[in-house]
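There are 2 protein chains.
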Amino acid sequence: MQTTLPSYAVLSGGVGGAKLVLGLQRILLSGQLQVIANTGDDFEHLGLTICPDIDTLMYTLAGIAHPDNGWGLQNESWQFMAGMKKLGGETWFRLGDGDLATHVRRQQLLASGLGLSEVTAELSRALDVAVTICPMSDEPVRTIIETDEGALAFQDYFVRRKTEPAASAFHYSGSDQASASNAALAALENAASGAIIITPSNPWLSIDPIMSLSDIKNAINASPAPVIGISPIVGGRALKGPTAKLMGELGIEPSVLNIARHYRDVVDGLIIDNQDADQQNAIEAMGLTVKVCNTMMMNLSDKIKLAEDTVSFAASLRADKTT
Amino acid sequence: MQTTLPSYAVLSGGVGGAKLVLGLQRILLSGQLQVIANTGDDFEHLGLTICPDIDTLMYTLAGIAHPDNGWGLQNESWQFMAGMKKLGGETWFRLGDGDLATHVRRQQLLASGLGLSEVTAELSRALDVAVTICPMSDEPVRTIIETDEGALAFQDYFVRRKTEPAASAFHYSGSDQASASNAALAALENAASGAIIITPSNPWLSIDPIMSLSDIKNAINASPAPVIGISPIVGGRALKGPTAKLMGELGIEPSVLNIARHYRDVVDGLIIDNQDADQQNAIEAMGLTVKVCNTMMMNLSDKIKLAEDTVSFAASLRADKTT
Chain P
12 MQTTLPSYAV LSGGVGGAKL VLGLQRILLS GQLQVIANTG DDFEHLGLTI CPDIDTLMYT
72 LAGIAHPDNG WGLQNESWQF MAGMKKLGGE TWFRLGDGDL ATHVRRQQLL ASGLGLSEVT
132 AELSRALDVA VTICPMSDEP VRTIIETDEG ALAFQDYFVR RKTEPAASAF HYSGSDQASA
192 SNAALAALEN AASGAIIITP SNPWLSIDPI MSLSDIKNAI NASPAPVIGI SPIVGGRALK
252 GPTAKLMGEL GIEPSVLNIA RHYRDVVDGL IIDNQDADQQ NAIEAMGLTV KVCNTMMMNL
312 SDKIKLAEDT VSFAASLRAD KTT
Chain Y
12 MQTTLPSYAV LSGGVGGAKL VLGLQRILLS GQLQVIANTG DDFEHLGLTI CPDIDTLMYT
72 LAGIAHPDNG WGLQNESWQF MAGMKKLGGE TWFRLGDGDL ATHVRRQQLL ASGLGLSEVT
132 AELSRALDVA VTICPMSDEP VRTIIETDEG ALAFQDYFVR RKTEPAASAF HYSGSDQASA
192 SNAALAALEN AASGAIIITP SNPWLSIDPI MSLSDIKNAI NASPAPVIGI SPIVGGRALK
252 GPTAKLMGEL GIEPSVLNIA RHYRDVVDGL IIDNQDADQQ NAIEAMGLTV KVCNTMMMNL
312 SDKIKLAEDT VSFAASLRAD KTT
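Those sequence lines, one after another, are chains P and Y. Just so you know, my numbering puts 326 at position 315 of the first sequence, and the rest follows in order with no gaps. Just so you know, my numbering puts 178 at position 167 of the second sequence, and the rest follows in order with no gaps.
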């Protein structure tokens, strides 16, 4: 008889990760779900600390995210940007009027001495987000992309240059000095009863920055919980974002097999899409357990279904471990 | 034969001062007009340095000021405020979405190491404001109001408490350490050829903070130029703002005579409204030259007319001085 409900620690970037987290939110009690958010995309802009993945998670879970953009708020207005343009300020990174409240409030709370975890908890509370969103670290870690145009900070690469330069390598500046946040480490510890889930976010740009923190990587390796990945590659393509393009530039064929190779030292099980069922055996030959199901989250029921499949996969892996 | 056009240094607060400055802008070439702006109302809010009087001047001269409010922009939207309210942030000081661009851009330029004078010049340039707006100081001077509810910072008194507490005294915190800006001192020096004009802004809340800087006061006293005041009191009332209420609380009957007493050590001439013509003799008995005309600036022609009257009054005072 199980006396406490299993707890899940979910590693997530922005859009793709947030979709699965939304599905998980619908089937779990709030105390069961902790999200460890990538902060490698964070940057300082116009004097404000911008945390794109945290915001996408908060806005998605609060039900106020823009339905299509993958960033920002629904029903947004752009007077601030128009003013900034007139004043000769930078406008390549679009900040909506309502969204700006988040950044200004965050900056104010950070300046008051709170850490990013506390600030995120405060903003989440105000937005009625019951799920705990844990920044991977309260200290700055910044994803740098080596490209044919030189080293680019994440947002320079992703937004300003629209991922056009060819990437050759990534590093996560500050990750050797930074500690994981206490909240993230607590989430991983709590997950002993459930699972550690790696969402189908971009492995290099969203998940590896989190794993670049040695105390997070060590906690995952030491955890008794099954670690489950969901492939962001389906049928040789990325559903959204530059994952497939990036893999090509790195000389890695975009395939679930290569996603499995990337995660094989970390995960116990990998969820792949029905379209890739023919690669199940090859991945199992690497020593991973594979679950095949629909991973394409086109609507809310898809998200809930994938969340259910993930949680049941976790339960079966836990059962395997204990038998 | 006059080889250079006369130059005017204009001491100004927000609304009332900006009206006269707008009139002066229409009749002078841009090189002839320098405004020394009160920064005693400035404050730090939501991590931003807000300069209400500078902004009212800039927006008025750029033709983008809100037509009625006396602050902020026309055609403004309020998504940021709505977001801030939702996030539990402070909303008592209203910052429109477009207006916010000014504050964020200013903060960014200040953080880059520029002084407030340079930042104001940069913002003015971007808004096509040809008139030079000189902050009285690049260093913080903050107007404090002693009231029956204790000492209040200016915006707490003026906006949050809507000038309801009874004022008993004012001081200008930081004025003993702060230096006048080089731009303000240059404006006063240039004005030797024209005049120093004290706009009909609130004497205690808008003009005295400027005069509290000893190098500004000394430069005005030492200037060969005539110094002209325009009474903010007309027929015993203030046209806008708390001037009359304040005078009552200070135990000073609101009258042009008492405005003359307040300014008598500083000005050579005082402009009073037609309604107060009966007090001309009493003011002249104090040793001041008086000009009586319409000072009520209800529309653009009023502003231009008062500007013309002020400039011709200055010319007559200059002629008196040299004969």
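Here a beta-carbon is modelled for each residue, glycine too, at the ideal position from N, C-alpha and C.
According to DSSP, what are the bridge partners of residue i?
i	result
E157 (chain P)	P:A162 and P:A180
C304 (chain P)	P:D284
S23 (chain P)	P:A48
V245 (chain P)	P:R248
If we define contact as Cβ-Cβ less than 9 Å, is residue i a contact residue for chain Y?
i	result
T67 (chain P)	no
S81 (chain P)	One detail in the question is off: residue 81 (chain P) reads as Gly in this sequence, not Ser. Not closer than 9 Å to any Cβ of chain Y, the Cβ of G81 (chain P) fails to qualify, so no.
S88 (chain P)	yes
E129 (chain P)	no
V140 (chain P)	no
I113 (chain P)	This sequence places Thr at residue 113 (chain P); Ile is not what is there. Yes, because at least one Cβ of chain Y sits closer than 9 Å to the Cβ of T113 (chain P).
D110 (chain P)	yes
K316 (chain P)	no
Starting from residue i and walking both ways along the alpha helix (DSSP H), at which residues does that stretch end?
i	result
H56 (chain Y)	Here H56 (chain Y) belongs to no alpha helix (DSSP H); instead the beta strand (DSSP E) covers F54 to H56.
Q45 (chain Y)	Careful: Q45 (chain Y) lies outside any alpha helix (DSSP H), inside the beta strand (DSSP E) at L44 to A48.
P63 (chain P)	P63 to A73
A197 (chain P)	N193 to N201
T210 (chain Y)	No alpha helix (DSSP H) holds T210 (chain Y); DSSP gives it neither H nor E.
T131 (chain Y)	L127 to A137
I270 (chain P)	V267 to Y274
If you draw a straight line from the C-alpha of residue i to the C-alpha of residue j, how long is it?
i	j	result
D79 (chain P)	R105 (chain P)	15 Å
K302 (chain P)	A255 (chain P)	22 Å
N292 (chain P)	A20 (chain P)	28 Å
M95 (chain P)	M95 (chain Y)	19 Å
Y168 (chain Y)	G240 (chain P)	57 Å
S327 (chain P)	P235 (chain P)	14 Å
W82 (chain Y)	Y70 (chain Y)	9 Å
P265 (chain P)	A93 (chain Y)	44 Å
S186 (chain P)	N310 (chain P)	35 Å
M147 (chain Y)	I65 (chain Y)	10 Å
A164 (chain P)	H273 (chain Y)	59 Å
L216 (chain P)	R248 (chain P)	16 Å
T67 (chain P)	L57 (chain P)	20 Å
A137 (chain P)	L224 (chain P)	29 Å
H77 (chain P)	I207 (chain P)	28 Å
F181 (chain P)	M258 (chain P)	12 Å
L40 (chain Y)	A178 (chain Y)	40 Å
T174 (chain Y)	Q166 (chain Y)	9 Å
E295 (chain P)	Q85 (chain P)	42 Å
A318 (chain P)	V32 (chain P)	8 Å
Could you check whether residue j and residue i sit closer than 9 Å to each other, using their CB atoms as the reference points?
i	j	result
L299 (chain P)	D284 (chain P)	no
I227 (chain P)	A195 (chain P)	yes
N213 (chain P)	G161 (chain P)	no
G100 (chain P)	A112 (chain Y)	yes
T143 (chain P)	Q45 (chain P)	yes
T60 (chain P)	R116 (chain P)	no
A189 (chain P)	V152 (chain P)	yes
R171 (chain Y)	W89 (chain Y)	no
I38 (chain P)	I315 (chain P)	yes
S242 (chain Y)	P220 (chain Y)	no
A233 (chain Y)	A191 (chain Y)	no
G246 (chain P)	A325 (chain P)	no
L98 (chain P)	L120 (chain P)	no
A48 (chain P)	G74 (chain P)	no
Is there a C-beta anywhere in chain P that falls below 9 Å from the one on residue i?
i	result
T4 (chain Y)	Limits of chain Y in this structure are 12 at one end and 334 at the other, which puts residue 4 (chain Y) out of reach.
F91 (chain Y)	yes
G27 (chain Y)	no
L125 (chain Y)	no
A76 (chain Y)	no
Q118 (chain Y)	yes
A164 (chain Y)	no
A137 (chain Y)	yes
A122 (chain Y)	yes
M222 (chain Y)	no
K332 (chain Y)	no
K97 (chain Y)	yes
Within the continuous beta strand (DSSP E) that includes residue i, where are the two ends?
i	result
G240 (chain P)	V238 to I241
I221 (chain Y)	Premise fails: I221 (chain Y) lies in the alpha helix (DSSP H), D219 to M222, not in any beta strand (DSSP E).
T294 (chain Y)	According to the sequence provided, residue 294 (chain Y) is Ile. The question's Thr does not apply to it. Note, I294 (chain Y): premise wrong, no beta strand (DSSP E); alpha helix (DSSP H) at Q291 to E295.
I1 (chain P)	Nothing about residue 1 (chain P) can be read from this structure; chain P reaches only from 12 to 334.
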